[in-house]
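Numbering (this note's numbering), first residue to last: 584 to 704.
Here a beta-carbon is modelled for each residue, glycine too, at the ideal position from N, C-alpha and C.
So the structure is just underneath, and the comments pick up after that.
If you want it as structure tokens, here you go:
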């Protein structure tokens with residue numbers, strides 16, 4: 584499917600649409616799909632605002648609630664296995680775990696890198 588960068592709820596919504604299409608339509612349907620999600624906890628824009636391309640602050644937790652609602656729809660799809668990679672963000676540190684629970688997903692921690700471990704381009 585490819586890598587997309589969107590606010591969390593919008594990215595999950597696009598993944599949901601793609602998964603439904605691939606699992607349900609035509610001769611090229613797939614029997615099983617694996618969805619891998621990584622989030623740093625930021626980009627919690629409400630779904631409607633992200634679709635419209637216009638965010639009106641304050642957004643509060645609406646973006647997170649939208650993401651969890653879409654995640655539950657993904658969890659209900661047959662043939663989809665989800666994995667959440669948890670980069671252990673400083674802000675919204677519980678979000679990857681909350682997301683994994685909503686997706687019914689496995690979760691894997693990504694070790695925190697030290698500045699000296701990140702190579703400059």
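query: Jot down the residue ranges of each uninterrupted beta strand (DSSP E) in the region 603–685, minimum 3 residues, whole runs only, in chain order.; result: 616–621 and 663–669
query: For residue 592, name the three-state secondary structure that DSSP assigns.; result: helix
query: Measure from the alpha carbon of residue 616 to the alpha carbon of each residue in 638, 660 and 693, then state which is nearest.; result: 660
query: Which same chain residues end up closer than 6 Å to residue 584 when comparing Cβ atoms and leaving out the 5 residues on each side of it in sequence?; result: With a pLDDT of only 48 at residue 584, under 50, the local geometry of the prediction cannot be trusted, and the value read off the model is given with reservation. Cβ within range, chain order: 601.
query: Per the DSSP calculation, residue 690 is bridged to which residue(s)?; result: 667
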